[in-house]
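To keep things clear, I will list the structure first and then write my remarks on it.
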Amino acid sequence: MQAIEIKKGIYWVGAVDWSMRSFHGYQTGRGSSYNAYLIIDDKITLIDTVKSTFANELLERISSVIDPSRIDYIISNHVEPDHSGSIPFMMQHCPAATIITSLPNGLKGLKAHYGEYAYKGVKAGDILNIGHRTLQFVTTPMLHWPDSMVSYCPEESILFSNDSFGQHLASTKRFDDENDFAILMQEAKKYYANILMLYGRQAQTAIKAVADLDIKMIATGHGIIWRSHIPEIFTAYQKWSTFDLDEKAVVVFDSMWHSTEILAKNIAEAFAARGIPAAYYDIKVDHMSDIVVDILTSKYLAVGSPTINNQMMPSIAGFLSYLKGLAPKGHKAFAFGSYGWGGQSIALVEDELKACGCDICLEKIRIPNIPTQEQLKEITEKIKAL
Ligand code: FEO
Numbered sequence: 046m047q048a049i050e051i052k053k054g055i056y057w058v059g060a061v062d063w064s065m066r067s068f069h070g071y072q073t074g075r076g077s078s079y080n081a082y083l084i085i086d087d088k089i090t091l092i093d094t095v096k097s098t099f100a101n102e103l104l105e106r107i108s109s110v111i112d113p114s115r116i117d118y119i120i121s122n123h124v125e126p127d128h129s130g131s132i133p134f135m136m137q138h139c140p141a142a143t144i145i146t147s148l149p150n151g152l153k154g155l156k157a158h159y160g161e162y163a164y165k166g167v168k169a170g171d172i173l174n175i176g177h178r179t180l181q182f183v184t185t186p187m188l189h190w191p192d193s194m195v196s197y198c199p200e201e202s203i204l205f206s207n208d209s210f211g212q213h214l215a216s217t218k219r220f221d222d223e224n225d226f227a228i229l230m231q232e233a234k235k236y237y238a239n240i241l242m243l244y245g246r247q248a249q250t251a252i253k254a255v256a257d258l259d260i261k262m263i264a265t266g267h268g269i270i271w272r273s274h275i276p277e278i279f280t281a282y283q284k285w286s287t288f289d290l291d292e293k294a295v296v297v298f299d300s301m302w303h304s305t306e307i308l309a310k311n312i313a314e315a316f317a318a319r320g321i322p323a324a325y326y327d328i329k330v331d332h333m334s335d336i337v338v339d340i341l342t343s344k345y346l347a348v349g350s351p352t353i354n355n356q357m358m359p360s361i362a363g364f365l366s367y368l369k370g371l372a373p374k375g376h377k378a379f380a381f382g383s384y385g386w387g388g389q390s391i392a393l394v395e396d397e398l399k400a401c402g403c404d405i406c407l408e409k410i411r412i413p414n415i416p417t418q419e420q421l422k423e424i425t426e427k428i429k430a431l
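First residue of the sequence shown: 46, per the working numbering; consecutive thereafter.
Right under this line is the structure:
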């Protein structure tokens with residue numbers, strides 16, 4: 046396996062994970078990559094490593110350029126094991142290397158994961174001279190771990206951004222302009238929605254911290270490298286991190302005997318009739334990690350569940366728990382559902398929507414048994430009047 050030169054003397058030496066289909070439950074239908082970069086300078090510098098199961102792939106790519114024992118520095122931008130997991134393996138091959146990590150949390154995290162090595166902690170604004178080039182460190186705490194940081198090389202105008210701006214996308218092509226742009230943006234949005242949505246404020250701080258840097262390349266920790274569409278990904282991050290919502294709706298439901306499903310279809314069509322496009326998600330067949338992608342930029346959210354054993358369906362409870370963790374902001378929501386008796390689920394869904402931070406914009410829709418045409422018409426009118 047060969048290294049890929051991304052700029053003179055700078056190589057991608059990461060690993061492509063073609064088969065990965067779940068990342069902590071986030072469904073990754075297009076696989077991923079763990080990107081590591083090798084800079085050949087007076088001091089040979091490796092930026093990040095790869096998941097431990099791909100350590101040999103990393104070593105092989107590095108070895109296609111230099112003898113790995115010559116590595117002087119390993120920059121660890123982030124302790125999470127998909128980036129740091131091969132540090133112990135690499136240290137067997139470059140025992141003289143110093144590991145650079147953020148203070149205090151990178152240092153604490155790496156020691157807790159891997160024990161004692163030659164570490165050097167850095168703070169925001171610290172600069173490491175590696176010869177003809179320097180690396181400046183910009184800490185990005187809680188984007189998305191306490192230790193997270195990015196590294197900037199001003200002589201090359203490259204931002205080594207780790208998780209930020211990344212996507213779970215396996216490809217033989219390393220650059221944005223070599224891949225399908227629509228797929229790339231969809232995967233970048235899915236990555237942001239599932240990994241970073243909770244950290245919008247921190248994302249804003251990070252965007253401000255790098256706003257004045259001259260960036261001609263964003264070398265991400267996952268997926269492809271941005272070089273031709275940097276304004277587009279910055280604009281997208283600005284929109285996503287501020288919850289700049291579109292006039293769109295998302296309808297999510299589970300159903301037992303199709304009555305809540307009839308309500309869901311009616312609600313989606315009522316939104317559409319109002320000129321508000323609605324995405325329709327049946328939780329039995331759609332994955333929550335896809336649903337939250339649309340929620341990230343849609344103003345309206347309708348969630349439906351019938352009642353089972355006095356509760357909402359566990360599928361909807363799981364979805365709402367996931368959504369609550371991501372802490373969406375600014376959404377207008379309501380609950381709906383059909384029931385046979387009791388009908389407790391609809392109020393429970395409404396409570397969870399409130400706990401998610403949603404503003405309840407419509408009285409919960411509770412329909413006994415099978416909705417009638419009159420009831421459906423009434424719901425349509427209510428949505429028209431929203
Ligand atoms: Fe890609 Fe937070 O690790």
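Glycine residues also receive a C-beta, built at the ideal position from the N, C-alpha and C atoms.
Of all the options Asp335, Arg115, His128, which has the alpha carbon lying nearest to the alpha carbon of threonine 143? Along the sequence shown, read from residue 1 onward, the residue named residue 143 stands at position 98. Among Asp335, Arg115, His128, the Cα nearest to that of threonine 143 belongs to Arg115.
Alpha-carbon to alpha-carbon, glutamate 232 and asparagine 122: Working through the sequence shown from its first residue, we reach residue 122 at position 77. Working through the sequence shown from its first residue, we reach residue 232 at position 187. When rounded, the separation of the alpha-carbon atoms in asparagine 122 and glutamate 232 is 22 Å.
Between histidine 138 and tyrosine 79, how many whole angstroms is the CB-CB distance? I'm expecting something under 8 Å. As a position in the sequence shown, residue 138 is number 93, starting the count at 1. As a position in the sequence shown, residue 79 is number 34, starting the count at 1. Not quite, the Cβ-Cβ distance comes to about 17 Å (not below 8 Å), so this is no contact.
Quick check: isoleucine 278 and serine 216, are their CB atoms within less than 8 Å of each other? Counting from 1 along the sequence shown, the entry for residue 278 is found at position 233. Counting from 1 along the sequence shown, the entry for residue 216 is found at position 171. Here isoleucine 278 is not near serine 216, since their CB atoms are 8 Å or more apart.
Would you call the CB atoms of alanine 380 and glycine 402 closer than 8 Å? Numbered from its first residue, the sequence shown carries residue 380 at position 335. Numbered from its first residue, the sequence shown carries residue 402 at position 357. Using a Cβ distance threshold of 8 Å, alanine 380 and glycine 402 do not count as a contacting pair.
Any non-hydrogen atom of ligand 1 within 7 Å of leucine 127 CB: Here residue 127 corresponds to residue number 82 of the sequence shown, with the count starting at 1. Correcting the residue type first, residue 127 is aspartate in the shown sequence and not leucine. Flag set: Cβ of aspartate 127 near ligand 1.
8 Å Cβ cutoff, arginine 75 in contact with chain B: Annotation note: the requested chain B is absent from the structure, which comprises a single protein chain.
Is arginine 219 buried or exposed, if buried means 16 or more other CB atoms sit within 10 Å of its CB? Taking the sequence shown and counting its residues from 1, the one referred to as residue 219 is at position 174. By the neighbour-count rule (16 or more Cβ atoms within 10 Å), arginine 219 is buried.
Along the chain, where does the alpha helix (DSSP H) containing alanine 313 start, and where does it finish? Counted from its first residue, the sequence shown places residue 313 at position 268. From DSSP, the alpha helix (DSSP H) with alanine 313 extends over 304–318.
Going by the C-beta, is histidine 332 closer than 7 Å to any heavy atom of ligand 1? In the sequence shown, residue 332 corresponds to position 287, counting from 1. Relative to the non-hydrogen atoms of ligand 1, the Cβ of histidine 332 never comes closer than 7 Å to any of them.
Candidates Ile336, Ala254, Thr305, of which the one nearest leucine 188 by Cα: Residue mapping note: residue 188 aligns to position 143 of the sequence shown, counting from 1. Considering only alpha carbons, the answer is Ala254.
Taking 7 Å as the cut-off, does the CB of aspartate 62 come closer than this to any heavy atom belonging to ligand 1? Working through the sequence shown from its first residue, we reach residue 62 at position 17. Not so, every heavy atom of ligand 1 lies at least 7 Å from the Cβ.
What is the C-beta distance between asparagine 150 and aspartate 112, in whole angstroms, given that I count them as a contact (C-beta under 8 Å)? To locate residue 150, count along the sequence shown from 1; it is residue 105. To locate residue 112, count along the sequence shown from 1; it is residue 67. About 32 Å separates the Cβ atoms of asparagine 150 and aspartate 112, ruling out a contact at the 8 Å cut-off.
Which partner residues of serine 343 appear in the DSSP bridge assignment? Looking up residue 343 in the sequence shown gives position 298. Partner(s): Asp291.
Can you say whether glycine 211 is buried or exposed, counting buried as having 16 or more other CB atoms within 10 angstroms of its CB? Taking the first residue of the sequence shown as 1, we reach residue 211 at position 166. Glycine 211 is buried by the Cβ-count criterion.
CA nearest to the CA of isoleucine 89, picked from Ala100, Asn239, Thr179: What you label residue 89 is simply residue 44 of the sequence shown in a count that begins at 1. Distance from the Cα of isoleucine 89 is smallest, within the candidate group Ala100, Asn239, Thr179, for Thr179.
Taking 8 Å as the threshold (C-beta atoms), are aspartate 331 and histidine 376 in contact? Here the question's residue 376 lines up with position 331 in the sequence shown. Here the question's residue 331 lines up with position 286 in the sequence shown. Not a contact, by the Cβ cut-off of 8 Å.
Quick one: using the 10 Å Cβ neighbour count with 16 as the cut-off for buried, is arginine 246 buried or exposed? The residue labelled residue 246 in the question sits at position 201 within the sequence shown. For arginine 246, the number of other beta carbons within 10 angstroms of its own is below 16, and it is reported as exposed.
Given lysine 235, which residues of its chain have a CB within under 6 Å of its CB, disregarding the five upstream and five downstream residues? Translated into the one-based positions of the sequence shown, residue 235 becomes position 190. Hits under 6 Å: Val338.
Spell out the partners DSSP gives lysine 377 in its beta bridges. Counting from one through the sequence shown, the residue named residue 377 turns up at place 332. Paired residue(s): Tyr345, Asp404.
Mapping the DSSP letters down to three states, classify glycine 382 as helix, strand or coil. For the purposes of this step, residue 382 is identified with residue 337 of the sequence shown, where counting begins at 1. In this structure, glycine 382 counts as strand in the three-state DSSP scheme.
Could you check which residue in Ser147, His267, Met230 has the C-alpha nearest to that of proline 186? Taking the first residue of the sequence shown as position 1, residue 186 is located at position 141. Residue Ser147 is the option with its Cα nearest to proline 186.
Can you tell me whether DSSP reads glycine 130 as helix, strand or coil? Within the sequence shown, numbered from 1, the residue matching residue 130 stands at position 85. Three-state result, glycine 130: coil.
Using 8 Å as the cut-off, can you tell me whether the stretch 259–269 makes contact with the stretch 383–401, which would need three or more C-beta pairs spanning the two stretches below that distance? Contact between the stretch 259–269 and the stretch 383–401 is absent, because fewer than three Cβ pairs lie under 8 Å.
Buried or exposed for threonine 73, going by 16 or more other Cβ atoms inside 10 Å? Locating residue 73 in the sequence shown gives position 28, counting from the first residue. Classification of threonine 73: buried, given that the 10 Å Cβ count is 16 or more.
Please confirm whether any heavy atom of ligand 1 lies closer than 7 Å to the CB of tryptophan 190. As a working note, residue 190 is residue 145 in the sequence shown. Tryptophan 190: yes, Cβ under 7 Å from ligand 1.
Please indicate yes or no: does the CB of aspartate 396 lie closer than 7 Å to some heavy atom of ligand 1? Position 351 of the sequence shown holds residue 396. Result no, Cβ not under 7 Å from ligand 1.
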